[in-house]
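S.K.: So that you can map any letter, position 178 of the sequence shown is 178 in UniProt numbering, and since no number is skipped, the others follow by simple counting. The structure's right below; bear with me while I get my questions together.
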Amino acid sequence: MGLAETLEKMTTRQDYINSWHTPLMDTAKEDCRYCVLATFCAQCISYSLRKQALHGDMTRYVCCAGYICCSSKLKEKKCPEFCLCLEVACCFNSSVLSTRYLLQDEYDIKTTKCDNCIIAFMVILSQLACICHLVASLTGNEELEELAELLTCLSELVSCVVCACMQTQHKFEMDHRHGTIVEGEPAMMIPPVQEMSRSDQPEPPSPNQV
């Protein structure tokens, strides 16, 4: 997908009619345990969620869900599981965002302003740290290098938290849409046994009648 197509798709997502069932800000509250798991086992969770987003059909897999220019040009079809492992290990942030875009396009989920601000802050912080490292290496400024290191640590911390929240949001969304019972929702109750009414009984017995 080229830059023009990517920008057009981002604009189109603003017009989608559906919303995430759990806002990004509320994911830790909705499923704290999964959010913690997504923090410490981030790559494994990303692999699992992409496979779930593809409905278990790995023949549909392309690198970064087709949202980058080299997608489908890397012979992913020959070994999709291995390629997905490489994607989540080497391009983790891109793998999380690609799964997000895949879900949005499949279920017509619009991008909220709050989610946009959180994700944009994560990306801008990462780019700012990269620029500071580049300038520091060119100028040899030690203070700028220290600032770059500080920004890098902060960027990695923010990225870790935001990606964990996004992955929890994706899991909650797919569980809801695929009909999986989500923790916290009441389990389905077995209906009470009813007796067959007799011909000499004017009204059928209530469910609680013995």
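Ideal placement from N, C-alpha and C gives every residue a C-beta, glycine not left out.
1) Count the other CB atoms, across all protein chains shown, that sit within 10 Å of the CB of Val36; report buried if there are 16 or more and exposed otherwise.
2) Just the Cα atoms here: how many angstroms apart are Leu84 and Lys171?
3) How is the alpha helix (DSSP H) around Tyr107 delimited, first residue to last?
4) Since I believe Thr11 is in contact with Thr168 (beta carbons under 8 Å), could you give me their beta-carbon distance rounded to a whole number of angstroms?
5) Return the bridge partner residues of Asn18 from the DSSP annotation.
6) Could you tell me the alpha carbon to alpha carbon distance between Thr111 and Arg50, rounded to whole angstroms?
7) How do the stretch 88 to 105 and the stretch 60 to 67 stand: do at least 3 beta-carbon pairs fall below 8 Å, yes or no?
8) When you compare each of Glu156, Cys41 and Ser72 to Ser126 by their alpha carbons, which one comes out closest?
9) I'd like the list of long-range same chain contacts for Ile45, defined as Cβ closer than 6 Å, with 5 residues on each side in sequence excluded.
10) Where does Asp115 land, buried or exposed, given buried means 16+ other C-beta within 10 angstroms?
11) Enumerate in chain order the residues of its own chain whose CB-to-CB distance from Ala148 is below 7 Å, with the five nearest sequence positions on each side excluded.
12) DSSP three-state call for Ser72: helix, strand or coil?
M.R.: The short version:
1) Reading the sequence shown from its first residue, position 36 is the one you call residue 36. Label assigned to Val36: exposed.
2) Looking up residue 84 in the sequence shown gives position 84. Looking up residue 171 in the sequence shown gives position 171. Each residue's Cα considered, the two are about 18 Å apart.
3) Here residue 107 refers to the residue found at position 107 of the sequence shown. Here the alpha helix (DSSP H) through Tyr107 covers Phe92 to Tyr107.
4) Your numbering for residue 168 matches position 168 in the sequence shown. Your numbering for residue 11 matches position 11 in the sequence shown. About 27 Å; that fails the 8 Å criterion.
5) The count along the sequence shown starts at 1 and reaches residue 18 at position 18. Answer is Ile109, bridged to Asn18.
6) For the purposes of this step, residue 111 is taken as residue 111 along the sequence shown, with counting starting at 1. For the purposes of this step, residue 50 is taken as residue 50 along the sequence shown, with counting starting at 1. About 19 Å.
7) yes
8) In the sequence shown, counting from the first residue as 1, residue 126 sits at position 126. Answer by Cα proximity: Glu156.
9) Stepping through the sequence shown from its first residue, residue 45 is reached at position 45. Counting only Cβ-Cβ distances below 6 Å, and skipping sequence neighbours, we find Ala38 and Gln167.
10) Your numbering for residue 115 matches position 115 in the sequence shown. Result: buried.
11) On the sequence shown, position 148 is the one that residue 148 refers to. Ala129, Cys132, His133 and Ala136.
12) Locating residue 72 in the sequence shown gives position 72, where the first residue counts as 1. Correct three-state label for Ser72: coil.
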